[in-house]
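See structure below.
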Amino acid sequence: MKVTIFGTGYVGLVTGACLADVGHQVLCVDIDAGKIERLKQGILPIYEPGLESIVRDNHAEGRLAFTTSAEEGVAFGEFQFIAVGTPPDEDGSADLQYVLAVAESIGRHMNAPRIVVDKSTVPVGTADRVRARIAGVLAERGVGHRFDVVSNPEFLKEGAAVNDFMKPDRIIVGTDNAEVERAMRELYAPFNRNHDRMIVMDIRSAELTKYAANAMLATKISFMNELANLAERLGADIEQVRLGIGSDPRIGYHFIYPGCGYGGSCFPKDVQALSRTAEEVGYRAELLQAVESVNHRQKDKLFSLIERHYGGRAALRGKTFALWGLAFKPNTDDMREAPSRTLMETLWACGARVQAFDPEAMEETQRLYGARDDLALTGTKEGALREADALVVCTEWKTFRAPDFDAVAATLREPLIFDGRNVYDPVRLKARGFTYYGIGRGESVRKG
153 MKVTIFGTGY
163 VGLVTGACLA
173 DVGHQVLCVD
183 IDAGKIERLK
193 QGILPIYEPG
203 LESIVRDNHA
213 EGRLAFTTSA
223 EEGVAFGEFQ
233 FIAVGTPPDE
243 DGSADLQYVL
253 AVAESIGRHM
263 NAPRIVVDKS
273 TVPVGTADRV
283 RARIAGVLAE
293 RGVGHRFDVV
303 SNPEFLKEGA
313 AVNDFMKPDR
323 IIVGTDNAEV
333 ERAMRELYAP
343 FNRNHDRMIV
353 MDIRSAELTK
363 YAANAMLATK
373 ISFMNELANL
383 AERLGADIEQ
393 VRLGIGSDPR
403 IGYHFIYPGC
413 GYGGSCFPKD
423 VQALSRTAEE
433 VGYRAELLQA
443 VESVNHRQKD
453 KLFSLIERHY
463 GGRAALRGKT
473 FALWGLAFKP
483 NTDDMREAPS
493 RTLMETLWAC
503 GARVQAFDPE
513 AMEETQRLYG
523 ARDDLALTGT
533 KEGALREADA
543 LVVCTEWKTF
553 RAPDFDAVAA
563 TLREPLIFDG
573 RNVYDPVRLK
583 ARGFTYYGIG
593 RGESVRKG
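Residue numbers for the sequence shown follow this note's numbering, beginning at 153 and rising by one.
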């Protein structure tokens, strides 16, 4: 089947590449000419495990192509996927200008029936707006081409997006048109072979499902962080609590890891957008507001531990901190809303220096902050430790899980670790002479 994808970010590029990999003909459209040219050369704008080889192979074999021409894109595919960004507007609501601009382009250039698929994360009611925009442009042109709008939200985890697309837990399709449902089933048949993963529902329910899923996951994280802060004051260990509650199958172990806050392109934006959607229909979503508030506070947690250890902000001037992990989570280079950014910017404001290492996000950090006297990006995790006063862990990359602690202690000016992801065992570190601060690990784990 022929598919056009508007947008070549995480969602668009993964969707296009994976559809091409099972045999569909895919044309990806983006207004960024430089990005399109680099994609033609096999240079990806994002880091995502396994994606680069799929893009290169399918482009070389002619199933995956790239263009800046909206007209070419609309002419190409029976399916027109809208996978452009929906950044938060000033009031926190989702900004639909790019989605609606694509809808207008489809209406402007459409000369045959089309199935328009909303793949971007969009508020409830967006399909109606997309349909109205396309219909309005077609009316201006004086033509009556048949089209339908489908909600098909993505559920891709950054760092595991390819596997999520190839082996989906569910494929949500929002449509009330039986013919369109058949077409969507044919499109997704290669990913739906073992058992039927497709769940078909009305469009508005499909749109809400995406926001509901992300809000639920964000709620679990903020709830655990709230408990972690309580555990710290009560002298309990949140990691033991996590094991205790996770063993209950009604709760489970997924997304109950305490830490220094969630980030990325989805959870912060989607929780905020759903809260604003509630306000628009006269409902105050107090739980969503609390989830967002707790997360904002949690991003300051590492700094508060550092400040407490040193006895105030003034004592941080001239200190150097080794930072392990810059991306908001492992297996990505995405630093949007990353807790590392909150920490670094607060440390800089206090006159401290940062020496940082991340397996994938170094270029992104350089792009965001440029050259600074108070930031050194090191080529190795060991290099970040040299002449540093303390180690701070912001992202739980595998390479950080089992370091040579004797070497860490010997390299740091003092054996001091602030662990924002509870990667390490405080008892073992205490036995090695470290002063250790984790998230919700109680007051009992200090240098003996």
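C-beta atoms are modelled at their ideal positions from N, C-alpha and C, and glycine is treated no differently.
Note on N210: 16 or more other CB atoms within 10 angstroms of its CB, so buried under the neighbour-count rule. Scanning the stretch 567-600 from its first residue to its last, the whole beta strand (DSSP E) runs of 3-plus residues come out as 568-571, 587-589. Judged by their CB atoms, S427 and L440 are nearer to each other than the 9 Å cut-off. At a Cβ-Cβ threshold of 9 Å, A227 and H261 count as neighbours. Shown here, T156 sits in a strand according to DSSP, grouped into three states.
Note on G413: 16 or more other CB atoms within 10 angstroms of its CB, so buried under the neighbour-count rule. Per DSSP, reduced to three states, the secondary structure at C418 is coil, with no helix or strand assignment. DSSP places W500 in the helix class (H, G or I) of the three-state scheme. Taking the Cα positions, L537 is about 21 Å away from G522. Residue range 216-219 is occupied by the beta strand (DSSP E) that includes L216. The three-state secondary structure of V545, taken from DSSP, is strand. Taken atom to atom, the span from the alpha-carbon of V301 to that of R553 is near 46 Å.
Note: G326 is bridge-paired with S303, M353 in the DSSP secondary-structure output. Leaving aside the five residues that flank E534 on each side, the residues in its chain whose CB is nearer than 8 Å to its CB run, in chain order, A559, T563. Taking the Cβ atoms as the reference, N377 lies roughly 6 Å from V446, within the contact range of under 8 Å. Closest in C-alpha terms to Q507, from the list L454, R524, T278, T472, comes T472. Here C412 carries a coil assignment [DSSP, helix/strand/coil]. When the alpha-carbon of M514 is set against those of V174, E497, T532, I234, the nearest one is in T532. Annotated three-state conformation of I183 is coil, per DSSP. Here I188 carries a helix assignment [DSSP, helix/strand/coil]. DSSP lists F231, D300 as the bridge partner or partners of I267.
Pairwise C-beta distances place the stretch 393-405 out of contact with the stretch 467-483, as fewer than three of them are shorter than 8 Å. Exposure of Y435 is indicated by the presence of fewer than 16 other C-beta atoms within 10 angstroms of its C-beta.
Listed in chain order, the non-local C-beta contacts of T361 below 6 Å within the same chain comprise I324, local neighbours out to five positions each way being set aside. Contact annotation: G259 and I286 have beta-carbon atoms nearer than 9 Å. Residue environment for G416: buried (at least 16 other C-beta atoms within 10 angstroms of its C-beta). Look at the beta carbons and you see the stretch 219-236 touching the stretch 267-283: at least three pairs across the two are nearer than 8 Å. Taking one beta carbon from each stretch, the stretch 153-170 and the stretch 178-190 have 3 or more pairs nearer than 8 Å; the two touch.
The C-beta distance from V314 to E333 rounds to 26 Å, too long to meet the 8 Å contact threshold.
With a cutoff of 9 Å on beta-carbon distance, L179 and E224 are scored as near each other. Between the alpha carbons of G294 and R283 lies a distance of about 16 Å. In the DSSP annotation of this structure, the continuous segment of the beta strand (DSSP E) that includes F509 starts and ends at 505-509.
By the Cβ neighbour-count rule, M496 is buried, with 16 or more other Cβ atoms within 10 Å of its own. In the DSSP assignment, the residues bridged to F473 are V506, A542.
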